[in-house]
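In this note's numbering, the protein residues as written are 14 to 257.
Encoded structure:
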């Protein structure tokens with residue numbers, strides 16, 4: 014028991030650069046308190062003391078704002094950063110070295126008494142506000158971007174973003190942290206591809222028109238509007254660079 018507590022404290026230091034000393038970690042980390050409370054509730058749950066387990070879980074939720082059903086199975090070196098609003102359902106299974114951020118929901122999609130919550134592999138990172146629904150499997154080393162909604166299985170070592178969640182990246186090296194500000198944007202990538210294709214067609218049309226000596230006023234209007242839009246996007250990019 015003492016060794017597990019030490020391991021939990023060391024996990025906080027490894028996964029949260031804001032942690033400064035042991036006293037601060039023990040007294041000021043609701044994610045850690047929620048994990049310890051869950052272990053006690055889960056101990057009672059496994060021994061068929063389910064009512065008492067639910068009471069402990071409810072008290073745990075009141076003090077930490079983190080709801081973990083006592084039936085959920087959680088591996089070692091698990092950490093919830095910030096934690097407020099996290100919900101983990103009854104049949105959830107979580108592997109080792111998993112990191113959750115605030116607002117994550119590991120929820121069910123049926124009222125039937127069967128496996129209805131996610132199975133999370135080892136070394137998984139789930140970003141703030143992400144929702145994983147149903148008995149889906151999230152593979153080892155996967156990352157789920159902030160605000161994503163996952164309803165299908167996630168391959169190992171992949172990055173998922175969007176609603177519904179889509180696999181946008183297959184990574185070779187595993188990293189513990191999740192860079193929330195540098196996630197792929199498949200919608201923006203698709204739009205960029207379309208815009209590039211339109212520009213190519215415009216160039217071809219302009220060449221044909223120049224050969225035939227055709228020039229319409231509408232072309233001048235679109236050229237002017239295109240410059241205006243380009244200026245707007247340039248200003249937005251400059252502002253983003255200044256913030257970074």
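Every residue, glycine too, gets a C-beta built ideally from N, C-alpha and C.
Reduced DSSP secondary structure (H/G/I, E/B, other) of residue i
| i | result |
| --- | --- |
| residue 207 | helix |
| residue 161 | coil |
| residue 102 | coil |
| residue 35 | helix |
| residue 249 | helix |
| residue 176 | coil |
Identity of the residues DSSP links to residue i by a beta bridge
| i | result |
| --- | --- |
| residue 126 | DSSP, once it has assigned bridges, lists no residue as partnering residue 126. |
| residue 107 | 87 and 133 |
Residue j beta carbon less than 9 Å from that of residue i
| i | j | result |
| --- | --- | --- |
| residue 2 | residue 85 | Not covered by the structure: residue 2. The range shown for the chain is 14 to 257. |
| residue 170 | residue 151 | no |
| residue 147 | residue 130 | yes |
| residue 155 | residue 181 | no |
| residue 98 | residue 69 | no |
Inter-residue spacing [alpha-carbon to alpha-carbon] between residue i and residue j
| i | j | result |
| --- | --- | --- |
| residue 244 | residue 215 | 20 Å |
| residue 120 | residue 40 | 29 Å |
| residue 54 | residue 100 | 15 Å |
| residue 122 | residue 104 | 12 Å |
| residue 113 | residue 133 | 11 Å |
| residue 90 | residue 47 | 13 Å |
| residue 189 | residue 213 | Confidence in residue 189 is poor, its pLDDT being 49 and thus under 50, which makes the residue's placement unreliable; the coordinate value appears in the next sentence. For residue 189 and residue 213, the distance between alpha carbons rounds to 42 Å. |
| residue 20 | residue 251 | 44 Å |
| residue 144 | residue 61 | 30 Å |
| residue 246 | residue 183 | 29 Å |
| residue 137 | residue 221 | 54 Å |
Residue i classed as buried or exposed, judged by whether at least 16 other C-beta atoms fall within 10 angstroms
| i | result |
| --- | --- |
| residue 124 | exposed |
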